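Taking it in order: structure first as structure tokens, then the write-up.
Residue numbers (the working numbering): 24 to 483.
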């Protein structure tokens, strides 16, 4: 019933309190579906379509229907379990069909689930390190808890308390009452009407009319919520920027540009053609602009440097690698630098784009102890940027191994140029690493009064 562009498009920018910050409903829905279903879009059959063809449905529409018709979704296989040991322990998939999706109802009714969660709690209480099996149990617990919270309206916190109340926790959908409940009900009613029209293939003008009705209902609720406490409700610009970041996928476009730049750089390196050199520069600059734009959006939205976790490090390091390659190539005109940097950037951004479970792209606030610390920010940025220079040297070195393996004497000039690029990259990396160590010492002295040490407050 749903197109890839959500029917509930206006709801994407609805403010939601979740994970210690204000985020758009679009982000909340994507993260929830990713956790439970393992993907940010749901594939299902279109009602009335006997062909069996699957249609992708947007997370915003799916999460909204979880609240509207939770009983239906209890019997739909939406919970992803990939760990074979856990499936065996729960008695799932006895025929070994490699089934990975199960219904919430069959899992909640499983007699063995409570025992597994009790064992998990015992290990957490004992502060034991969880092995992959119990990590899978923990994930399943989170999946079912999240689904139940969404289905009952507990998870979606959409209304800030009044400023006079002094409270910070927002009201969830199931806690709405009076005027706020009526206004949110208009949103769900307009959405249900829109779904019905979509199924019956009604006149497009009628669909457009209901879409305007939905937009008006969302705007009315947002105005009502903002009036409770304008400061707590958050910036509309930040929410719209986050929706744009999620929809535009700048890092995906960036790795495509880097890949084209790498191909052209390889052609320029082999043939020395002017058009290939120019093309390599154009696409490398385009990739860098898109890459910078994506990181700038993250900085603007979350209000901190983008180097606080593994995902952001994997994004930052190839950015620095490309910058250093462009500087060195401009000086030396060695397109081997572009090949190395382009490959490194492409692989890193593909990894970050296609592995959201391994590298969590969600925007998370910093731990309190790490906020508002100038020297910590400087130290981390310099250290991570030094990794970029070393990464460039590593990438060039890998390429040179190919030439060494083929014929060291035949390609001695290529190897010589590559070694020069490695040497310059290492010089940059060592200087930045030294600065990073020095600023790390200053941060330590500033934070707990001595240059080297480890205070319990820092071991979060």
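For every residue, glycine included, the Cβ atom is placed at its ideal position computed from N, Cα and C.
As the structure is a prediction and not an experimental result, all values here were calculated from the model.
C-beta atoms of residue i and residue j nearer than 8 angstroms
i           : j           : result
residue 372 : residue 271 : no
residue 56  : residue 82  : yes
residue 84  : residue 29  : yes
residue 210 : residue 241 : yes
residue 130 : residue 167 : yes
residue 344 : residue 423 : no
residue 213 : residue 237 : yes
residue 419 : residue 444 : yes
residue 265 : residue 50  : yes
residue 174 : residue 90  : yes
residue 351 : residue 360 : yes
residue 182 : residue 170 : no
residue 276 : residue 376 : no
residue 527 : residue 252 : Nothing about residue 527 can be reported from this structure: the residues present for the chain run from 24 to 483 only.
residue 104 : residue 143 : no
residue 244 : residue 292 : no
residue 330 : residue 339 : yes
residue 472 : residue 402 : no
residue 176 : residue 285 : no
Option nearest residue i by Cα separation, candidates the options
i           : options            : result
residue 118 : 107, 126, 127, 128 : 107
residue 304 : 322, 283, 321, 397 : 283
residue 441 : 243, 356, 460      : 356
residue 337 : 323, 348, 222, 314 : 314
residue 411 : 425, 378, 367, 433 : 367
residue 156 : 290, 421, 140, 148 : 140
residue 136 : 449, 161, 299      : 161
residue 33  : 285, 450, 217, 316 : 217
residue 44  : 261, 311, 438      : 261
residue 187 : 308, 333, 250      : 250
residue 333 : 386, 296, 290      : 386
residue 255 : 294, 267, 192, 341 : 192
Backbone CA spacing between residue i and residue j [nearest angstrom]
i           : j           : result
residue 40  : residue 47  : 9 angstroms
residue 248 : residue 388 : 23 angstroms
residue 239 : residue 37  : 12 angstroms
residue 123 : residue 100 : 9 angstroms
residue 327 : residue 53  : 22 angstroms
residue 133 : residue 145 : 20 angstroms
residue 121 : residue 110 : 10 angstroms
residue 67  : residue 96  : 12 angstroms
residue 454 : residue 335 : 22 angstroms
residue 287 : residue 318 : 25 angstroms
residue 450 : residue 324 : 34 angstroms
residue 409 : residue 220 : 56 angstroms
residue 322 : residue 138 : 43 angstroms
residue 469 : residue 205 : 53 angstroms
beta-carbon residue i near the ligand SAM non-hydrogen atom, thresh 7 angstroms
i          : result
residue 30 : Questions concerning the ligand SAM fall outside what the structure shown contains, since it holds no ligand whatsoever.
Inter-stretch contact (C-beta, 8 angstroms, three-pair minimum) for the stretch 424 to 437 and the stretch 374 to 388
Contact between the stretch 424 to 437 and the stretch 374 to 388 is absent, with fewer than three C-beta pairs closer than 8 angstroms.
* Any beta strand (DSSP E) of 3 or more consecutive residues that is wholly inside the stretch 42 to 112 -> Counting only runs of 3 or more, we get 44 to 47, 64 to 68, 77 to 81.
Mind listing, in chain order, the continuous alpha helix (DSSP H) runs of no fewer than 4 residues lying wholly within the stretch 283 to 334? Listed in chain order, they are 297 to 325.
Which whole runs of the alpha helix (DSSP H) in the stretch 342 to 382 are 4 residues long or more, in chain order? Secondary structure within the stretch 342 to 382: the alpha helix (DSSP H) runs of 4 or more consecutive residues, fully enclosed, are 359 to 377 (chain order).
**Prompt:** Which ranges does the alpha helix (DSSP H) cover as unbroken runs of at least 4 residues, wholly within the stretch 434 to 471, from first to last along the chain?
**Reply:** The stretch 434 to 471 contains these whole alpha helix (DSSP H) runs: 435 to 471.
Runs of 4 residues minimum, wholly inside the stretch 222 to 280: which ones carry the alpha helix (DSSP H) assignment?
DSSP runs (the alpha helix (DSSP H)) wholly in the stretch 222 to 280: 227 to 251, 253 to 256, 259 to 271.
Run through the stretch 130 to 162 for me and flag every whole alpha helix (DSSP H) of 4 or more residues, listed as ranges in chain order.
The qualifying runs are 134 to 148.
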